[in-house]
Structures are given as structure tokens and as C-alpha cells.
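Participant: The sequence shown begins at 598 in our numbering and counts up one residue at a time.
Can you read through this structure? Questions will come right after.
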Amino acid sequence: MLTYQTLTDKVNAAIADIQFPKEPQGLYEPISYIMSFGGKRIRPVFMLLAAQLFNKDPERFMDAAVSLEIFHNYTLLHDDLMDNADFRRGKPTVHKRWDANTAILSGDAMFILSCKKMYNAVNENCPEAMTEFLKTQLEVIEGQQYDMNFETRMDVSLEEYFEMIRLKTGVLISSALKIGALLGGASKDEAELLYQYGAQIGKAFQVQDDYLDTFGDVKVFGKNIGGDIMEGKKTFLLISALKKANATQKLQMIDWLEKKDCEPLDKIDFITKMYIELGIPDDYNACMKDCYAKADNYLAKLHVPEDSKNELKVFADKLSYRNN
């Protein structure tokens, strides 16, 4: 059985071997650039780990795994443009190194390339996997729209937030596991259990991302700390804080969030201190614990040898202790 680290190395090697077209250079060079950033390769590795539960040769599904990573990086490219982010994994974003039009076109090309690669990988052998991939792509875009809708609201509930992150972040992890299971030969019920397992992992991953954006180390996190606060993003931290705050605290927070002429560090400092005062880090820890407990329950229902689940558990546990 291959370890998650071995599979990560193999995914990175497969991505490095991709031969994107040379022309037009202005379209494909930015794609090669963003795909070279590295990363944890969470989605393709989860896909291959799920396939490995039912098939002894998960590497045969590498093209499908790589297609997930191309699609994921397409979403990052467009997210960075929409957020006007300066850095991604410590490097200038595509729209900063080139321009906005380049980011749009290169992102569009990545979307199509991901579909083409997945189609070639699954072809007639597993049409359910292609259907799942297409459904997921639309859901991710729906999640992004909800995220945009929330920008002008201060009354977003945690329930709305969790549905938004389920779509924007969670479904691609869920579907990676489900697609891997289907390709590996799992039954629909087994694939669904892994989908639900992934939903909890994906929820925890985004909540953790929210937390690191405020409390992480910029040198490790790879992008500026406090970006969510400056943009007024409705994160787990902000929504929880607004819910717990008394009337005075809530008015103060909203006032600071809406200020346009203040020093950015002053705004970040005030909101961060309010999070601490309201005990939001404790709420974050409780949410993470709940997500991983529910994930373990779904995995326990999967009828495969327990030792074959170990590498999946190790990989998920590694993500729960990440700092970037």
C-alpha cells in the first residue's frame, strides 16, 4: 500500500511532466506558472488514497487525480483575481505578474483542460465519475457566488456560511474521494460514505483556513495575514464573533469593518483582539473537533480492512495540524 507521501510525490511528478502547449505563450505560460507553485495536493492525493482502498494499483488513475488539481488551481487563479490578492504561496499571483485579462483567459483554459483530462481518464469505464466531476465544478462556482453575496451582509448565519464553504471548498474534497472510490471499483454506497467523510474534512479545512488567515504566521501561511478582515469576508471567526458579541461590541466591530480611511493594521488588530476577547479560538477548536469526529464515524462504516484505512486517516490528521 502506497503512503500519502509517496502518492504526493507521484502527483507532483505527474504535474511536472504535463506538457502544456507552447503557443499562445501568453495563455499557457501563466498556467505552467501557477501549477509550479506546489502545495499539499490534497484533492488528488485523497482521490488516489480512496482508489487504493478498492484497487491495488491507484497510479493507473493518475490522470484523473491531476485533472482535479488543475481545476483546483483554476479556482485559485480566479479567486485571487476577484480578491485582488497579491500573493499565492509566497509568489505573485497571476494577475499581478501578468494582468487581469490574462488571469481570466488562462483560468478559462485550465477549466477546459481539467475537463478534457478527466474525460480521457474515465472515458467509458466509469461515466459516474465524469458526472460527479461536472456536478462538483458547478457547485464550486455556486459557492463562490454565495461568498460574493455575503460581502454586503452582516447578518450571515453560521448555517449559511457552512453551506457556502460546503460548496466552495468541501465538495471538491468530497468528490475527490468519491471519484477515487468509483474508479477503484467501490459500490455507490461505499463511494457515498467517502463523500460524506470528505464533506467533514472539507468543512474543517476551510474553517482552519479562516483561522490561519488571522492567527497564522505570514512566513508559513504564504500570504498576508488579516486579508479576510480587510475584505470584510464572512468567515467562521467573524460570523461567530458577531453572534456572540453584545450590542456595543457588535457596533464597534461593524464600525471598524466598514472604515475605509484607517490603517489596515489597526483594523486587523482591533478585530483580532475582539476575536480573542469573545473566545473565538475556543469555538474554532470545538468546530474542528466536531468535524473530525463526524468524519471518523463515516469512515468507520466503510467495510474495508481497517489497516487499509490507516493511510487515509494519517493524511487527514496531518491536515488537521497544518499551519499553512
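All C-beta atoms, glycine included, are put in the ideal place defined by N, C-alpha and C.
Would you identify the three-state DSSP class for P724, choosing helix, strand or coil?
Facilitator: P724 falls in the helix class under three-state DSSP.
Participant: What separation, rounded to the nearest whole angstrom, lies between the Cα atoms of Y601 and A844?
Facilitator: Between Y601 and A844, the C-alpha separation is close to 48 Å.
Participant: When we look at the beta-carbon of T690 and count the other beta-carbons within 10 Å, is it buried (16 or more) or exposed?
Facilitator: That one is buried.
Participant: In terms of alpha-carbon separation, which member of A662, F634 and L624 lies closest to A611?
Facilitator: The shortest Cα separation from A611 among A662, F634 and L624 belongs to A662.
Participant: Roughly how far, in whole angstroms, is the beta-carbon of Y872 from the beta-carbon of A838, given that I think they are within contact range, below 8 Å?
Facilitator: Contact holds; Cβ gap of about 6 Å.
Participant: Give every residue of the same chain whose Cβ lies closer than 8 Å to the Cβ of G635, excluding the five residues on either side of it in the sequence, and list them in chain order.
Facilitator: These residues qualify, in order along the chain: N609 and R686.
Participant: Closest by CA to D806, which one among T766, M827 and A788?
Facilitator: Checked all of T766, M827 and A788; the closest Cα to D806 is T766.
Participant: If you draw a straight line from the alpha carbon of Q706 to that of E626, how long is it in whole angstroms?
Facilitator: Note that residue 706 corresponds to Ala in the displayed sequence, not to Gln. Whole-angstrom Cα-Cα distance: 11 Å.
Participant: Alpha carbon to alpha carbon, how far is I776 from K619?
Facilitator: Their backbone Cα atoms lie some 31 Å apart in a straight line.
Participant: In chain order, what are the residue ranges of uninterrupted alpha helix (DSSP H) at least 4 long that sit wholly in the segment 694-738?
Facilitator: Counting only runs of 4 or more, we get 697-719.
Participant: So which of Q797, L650, T728 and E903 has the shortest CA-CA distance to K886?
Facilitator: Comparing Cα positions, the closest option is Q797.
Participant: To the nearest angstrom, how far is the alpha carbon of Q846 from that of Y743?
Facilitator: Spanning the two alpha carbons is a distance of roughly 26 Å.
Participant: Of the residues R694, D680, F802 and F643, which one's Cα is nearest the Cα of G829?
Facilitator: When only C-alpha atoms are compared, the closest one is D680.
Participant: In its own chain, which residues sit with a C-beta less than 6 Å from the C-beta of H692, not counting the 5 before and 5 after it?
Facilitator: So the qualifying residues of the chain are L678 and A700.
Participant: Under three-state DSSP, which class holds R919?
Facilitator: Here R919 sits in coil by DSSP.
Participant: Mind checking T749: buried by the 16 CB within 10 Å criterion, or exposed?
Facilitator: So T749 counts as exposed.
Participant: Span of the alpha helix (DSSP H) holding P878?
Facilitator: Note, P878: alpha helix (DSSP H), I877 to A897.
Participant: For R750, does the three-state DSSP call read helix, strand or coil?
Facilitator: Correct three-state label for R750: coil.
Participant: Indicate whether the contact test is met: 3 or more Cβ pairs, each with one atom in the segment 853-861 and one in the segment 753-770, closer than 8 Å.
Facilitator: With the cut-off at 8 Å, the segment 853-861 and the segment 753-770 do not touch.
Participant: How should M644 be labelled, buried or exposed, when 16 other C-beta atoms within 10 angstroms of its C-beta is the threshold for buried?
Facilitator: Buried, since its Cβ has 16 or more Cβ neighbours within 10 Å.
Participant: Under the rule that 16 or more other beta-carbon atoms within 10 Å means buried, what is G704, buried or exposed?
Facilitator: Buried, because 16 or more other Cβ atoms sit within 10 Å of the Cβ of G704.
Participant: Based on the DSSP secondary-structure assignment, which residues constitute the bridge partners of F684?
Facilitator: Bridge partners of F684: P689.
Participant: Hey, how far is the Cα of F812 from the Cα of M598?
Facilitator: C-alpha separation (whole angstroms): 37 Å.
Participant: Assuming L834 and I877 make a contact with CB atoms under 8 Å, what is their CB distance in whole Å?
Facilitator: Contact flag correct, Cβ pair sits at about 5 Å.
Participant: Assign Q943 to one of two classes, buried (16 or more other C-beta atoms within 10 Å of its C-beta) or exposed (fewer than that).
Facilitator: The requested residue 943 is not part of the displayed model; the chain covers only 598 to 921.
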